[in-house]
Amino acid sequence: MPGFELFGDLERNEVNDVLDNGVLMRYGFDGMRNGHWKAKTLEQALQNTFKSKHVQLVSSGTAAVSVALASAGVGAGDEVIMPTFTFVASFEAIMMLGAIPILVDIDDTLCLSPKAVEAAITNKTKAVMAVQMCGSMANMDALQAICNTHKVLLIEDACQAIGGTYKGKPLGSIGDLGCFSFDFVKTITCGEGGAVITNHTPYYTNADHYSDHGHDHVGHDRGAETHPFLGYNFRISELHAAVGLAQVKRLPEFLEIQKRNYNILRNAISAIPEVTFRTVPEGGEESCAFLNFFLPDMGIANKVMQGFKDNGVDVCWNYYNNNWHYIREWHHLKDLKSLFPISKEVKKGLENLKTKDFSMSDHYISRNISCLIKLSWTEDEVHARAQKMVDAIKKVL
Ligand SMILES: *Cc1c(COP(=O)(O)O)cnc(C)c1O
């Protein structure tokens, strides 16, 4: 997945272009910037990439999720349904607004289970946040139907699925708002950065203002602009946007390499009858940022992981005991270890997290192995890796 693996003159030239000109901020300084608008240009490029009417760049993927929710009016006391398998950013971004993360099970897609979502809807539910984990997606038609029925927002976190599609649409562009990260380990990187995408112009306008202290961005004098509502600073800098501008041009090349490497590995291990793969919903195309597969049980998965380690097969994970991606080890969330007081509503909403039954998520995550697909591997290296993986799996079975 990581764009940082293939980094070079294109990125350097774009950054130097900003440095040579001297305006590092994306807004204002119109007279000084001599036509240099890296953030704006990157937003236009991403509109094409994500087939979306509007793109708002921000400082991170976590910021993107907060800005998306805020732009659609989600805040204090509202419930946002999210999956048990994701990155900690999901609940961080929800809680930053005073909203309540409601964690629900994933299914064999490794993303939100529509059934679990339906069961978790209450009159306080304001949004369902589908996190498109490890390059693939939830059943988006089913989630959309639930959201339509209950009149709640569908937000997509597609940070890990840049380039994946569902029924011909780029992941991230299906829900009311979509979120992306361009941190250092994502498919394309800005160093740090993120984006909110939407076809809904009022949400976009909100995101544009909210991520820059509420500035209305009218006219050419920043100091004279008004602030129609409260905002924060989630701006991206021109330096970061410049890196992204170079990377987005290379995205088709990155995705092609990912696909090639993914297919070599998948073809090799699919010959083993005990290996099954995550379900990709009908009409879905993975981004191929990761290869995810299931083994018959957790014991076997653990032994295979050990075999991978012993044989130098790196960048593969079983997330069951992972600190960052799965609910089991999120003790700081379950114990509400916060530097500052948390509202009564959020406390109450998270009360049952320690005891809630997530056995369906456990059932899938405990047997799953997730392998990052790197861009820097040569074809020969991928074939060698595939053979090692097959050998290690067969040895355990
Ligand atoms: C990386 C990631 C984020 C957060 O992105 P940052 O840019 O690191 O803040 C959010 N959600 C998911 C699923 C991610 O993988």
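Residues in the sequence shown are numbered consecutively from 50, following the numbering used here.
Don't be surprised by glycine CBs; every beta carbon is placed ideally from N, CA and C.
Going by CA-CA distance only, name the one from the options that's closest to residue i.
{"i": "glycine 333", "options": "Pro219, Leu59, Trp366 and Gly110", "result": "Pro219"}
{"i": "leucine 106", "options": "Ala435, Asp265 and Asp257", "result": "Asp257"}
{"i": "alanine 121", "options": "Ile237, Lys383 and Thr250", "result": "Thr250"}
{"i": "valine 177", "options": "Ser185, Cys183 and Asp154", "result": "Asp154"}
{"i": "glycine 361", "options": "Pro322, Gln296, Gln307 and Glu430", "result": "Glu430"}
{"i": "lysine 216", "options": "Gln209, Glu331 and Asp265", "result": "Glu331"}
{"i": "glycine 213", "options": "Gly80, Gln193, Val180 and Phe233", "result": "Val180"}
{"i": "isoleucine 246", "options": "His264, Val234, Phe233 and Ile223", "result": "Ile223"}
{"i": "alanine 210", "options": "Phe231, Leu192 and Val201", "result": "Phe231"}
{"i": "valine 353", "options": "Asp156, Cys420 and His85", "result": "Cys420"}
{"i": "arginine 61", "options": "Tyr413, Gly293 and Phe303", "result": "Gly293"}
With respect to the beta strand (DSSP E) encompassing residue i, which residues constitute its N-terminal and C-terminal limits?
{"i": "leucine 226", "result": "226–230"}
{"i": "proline 277", "result": "Per DSSP, proline 277 belongs to no beta strand (DSSP E) and is neither H nor E."}
{"i": "glycine 475", "result": "This structure gives no information on residue 475, because the portion of the chain shown stretches from 50 to 446."}
{"i": "cysteine 420", "result": "417–421"}
{"i": "glutamine 105", "result": "103–107"}
{"i": "glutamate 128", "result": "128–132"}
{"i": "lysine 175", "result": "174–180"}
{"i": "leucine 340", "result": "339–343"}
Please report the distance separating the alpha-carbon of residue i from that of residue j.
{"i": "aspartate 411", "j": "methionine 131", "result": "16 angstroms"}
{"i": "alanine 94", "j": "alanine 441", "result": "43 angstroms"}
{"i": "tyrosine 76", "j": "lysine 437", "result": "51 angstroms"}
{"i": "glycine 356", "j": "cysteine 365", "result": "11 angstroms"}
{"i": "lysine 396", "j": "leucine 385", "result": "8 angstroms"}
{"i": "threonine 98", "j": "leucine 344", "result": "35 angstroms"}
{"i": "glycine 243", "j": "leucine 146", "result": "18 angstroms"}
{"i": "asparagine 310", "j": "threonine 133", "result": "28 angstroms"}
{"i": "histidine 276", "j": "histidine 266", "result": "9 angstroms"}
{"i": "methionine 189", "j": "leucine 59", "result": "36 angstroms"}
{"i": "lysine 447", "j": "valine 129", "result": "The question about residue 447 has no answer here: the residues shown for the chain are numbered 50 through 446."}
{"i": "glutamine 307", "j": "methionine 81", "result": "40 angstroms"}
Is residue i near ligand 1, going by C-beta to nearest heavy atom under 7 angstroms?
{"i": "threonine 511", "result": "Here the chain comprises residues numbered 50 to 446, so residue 511 is not present and cannot be evaluated."}
{"i": "alanine 88", "result": "no"}
{"i": "valine 12", "result": "Because the chain in this structure spans residues 50 to 446, residue 12 falls outside the shown range and cannot be described."}
{"i": "threonine 158", "result": "no"}
{"i": "lysine 298", "result": "no"}
{"i": "lysine 396", "result": "no"}
{"i": "valine 177", "result": "no"}
{"i": "glutamine 307", "result": "no"}
{"i": "glutamine 209", "result": "yes"}
What span of residues does the alpha helix (DSSP H) with residue i cover, start to end?
{"i": "asparagine 316", "result": "287–318"}
{"i": "isoleucine 349", "result": "347–359"}
{"i": "threonine 90", "result": "87–98"}
{"i": "lysine 197", "result": "Lysine is not the amino acid found at residue 197; the sequence shown has asparagine there. Asparagine 197 -> alpha helix (DSSP H) spans 189–199."}
{"i": "isoleucine 143", "result": "138–144"}
{"i": "glutamate 205", "result": "It is not in any alpha helix (DSSP H) - glutamate 205 instead sits in the beta strand (DSSP E) that spans 202–206."}
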